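Residue numbers (my numbering): 1 to 222.
Glycine residues also receive a C-beta, built at the ideal position from the N, C-alpha and C atoms.
Keep in mind it's a predicted model, so treat the numbers as computed, not measured.
First the structure, in the form of structure tokens, and then the observations on it.
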Amino acid sequence: MHALDNPVWQSLRTQHSGLALAADSAARYPASIVPFGAVATADADAGSQLTSLVDNGESVFIVGVAPPAPPGWVLELQKPVLQMVCAAPPPEVPGPAIVEMTAERSGEMLTLTALVFPGFFRPRTLDMGRYLGIYDGGKLAAMAGERMRLDGYQEMSAVCTDPGYTGRGYAKRLLSQLCRDAFARGFTPFLHVYADNTRAIAVYRALGFSDRATLPFWSLHQ
1 MHALDNPVWQ SLRTQHSGLA LAADSAARYP ASIVPFGAVA TADADAGSQL TSLVDNGESV
61 FIVGVAPPAP PGWVLELQKP VLQMVCAAPP PEVPGPAIVE MTAERSGEML TLTALVFPGF
121 FRPRTLDMGR YLGIYDGGKL AAMAGERMRL DGYQEMSAVC TDPGYTGRGY AKRLLSQLCR
181 DAFARGFTPF LHVYADNTRA IAVYRALGFS DRATLPFWSL HQ
């Protein structure tokens with residue numbers, strides 16, 4: 001199995017091990033960072049270990065490898081995600097100034113992601129990596145950043161543009177910068193996108209991303 005076939009597990013066991021809540025064959029990110037968990041293998045013991053890390057009433061998302069649902073839990077299949085990988089550093093995309101996002105700006109980031117891509121960005125998501133933004137005056141118009149990181153690979157995520165600013169190339173500019181920075185540090189960029197999000201997929205392909213695999217995407221909850 002390739003590491004990218006089970007990306008959350010590989011991230012939590014390698015580059016992001018310092019963020020992991022772990023139990024032998026299962027691990028998760030803290031809920032304040034992102035709602036993702038993972039198992040090493042698709043067996044019942046791993047599933048029980050994962051649920052031991054999840055609070056009552058909480059849910060976690062699983063990408064790629066999922067266990068059978070333990071008693072009292074529901075493993076619900078969501079829309080599949082297309083995993084894409086960037087083969088070479090993309091060219092710089094001209095545009096407005098890029099701002100390095102900090103914890104002081106997390107409220108603005110939460111507002112934008114809640115508007116465009118709700119449910120995945122949390123108050124401590126910035127602990128996972130760098131996030132960049134483009135502003136129009138005092139308004140955050142677009143953002144993108146780094147999420148999962150495993151040996152040799154850096155996930156790009158939270159690629160969001162306020163609906164009033166679409167079509168200006170802001171997301172493409174931010175993603176291009178992040179990809180070039182990742183390559184400079186020795187990481188190959190990859191990302192996940194819903195397989196039916198044709199508009200975003202077209203942007204990613206224009207930057208040199210190609211399809212690697214379509215992965216199942218689950219929610220595990222009580």
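Asked, Found
"Quick check on Gly-107: buried or exposed, where buried means 16 or more other Cβ atoms within 10 Å of its Cβ?", "exposed"
"For Gly-226 and Tyr-135, what's the separation of their Cα atoms in angstroms?", "The shown model of the chain, from 1 to 222, leaves out residue 226, and the question about it has no answer."
"Is the region 189 to 205 touching the region 29 to 37 in the sense that three or more CB pairs, one from each, lie closer than 8 Å?", "no"
"I'd like the span of the beta strand (DSSP E) that includes Ser-25, first residue to last.", "Neither: Ser-25 is in no beta strand (DSSP E) and is coded neither H nor E."
"State the start and end residues of the unbroken alpha helix (DSSP H) segment that holds Glu-108.", "106 to 116"
"Check whether the region 169 to 184 and the region 64 to 79 are in contact - that is, three or more C-beta pairs closer than 8 Å.", "no"
"Measure the C-alpha to C-alpha separation of Ser-52 and Val-8 and round it to an integer number of angstroms.", "17 Å"
"Please list the segments of the beta strand (DSSP E) lying wholly inside the region 46 to 120, counting only runs of 3 or more residues, in order along the chain.", "59 to 63, 74 to 77, 81 to 86"
"Counting only runs of 4+ residues fully inside the region 143 to 191, write out the alpha helix (DSSP H) ranges in chain order.", "170 to 184"
"Would DSSP call Val-203 helix, strand or coil?", "helix"
"Using beta-carbon positions only, say whether Pro-118 and Gly-208 come within less than 7 Å of one another.", "no"
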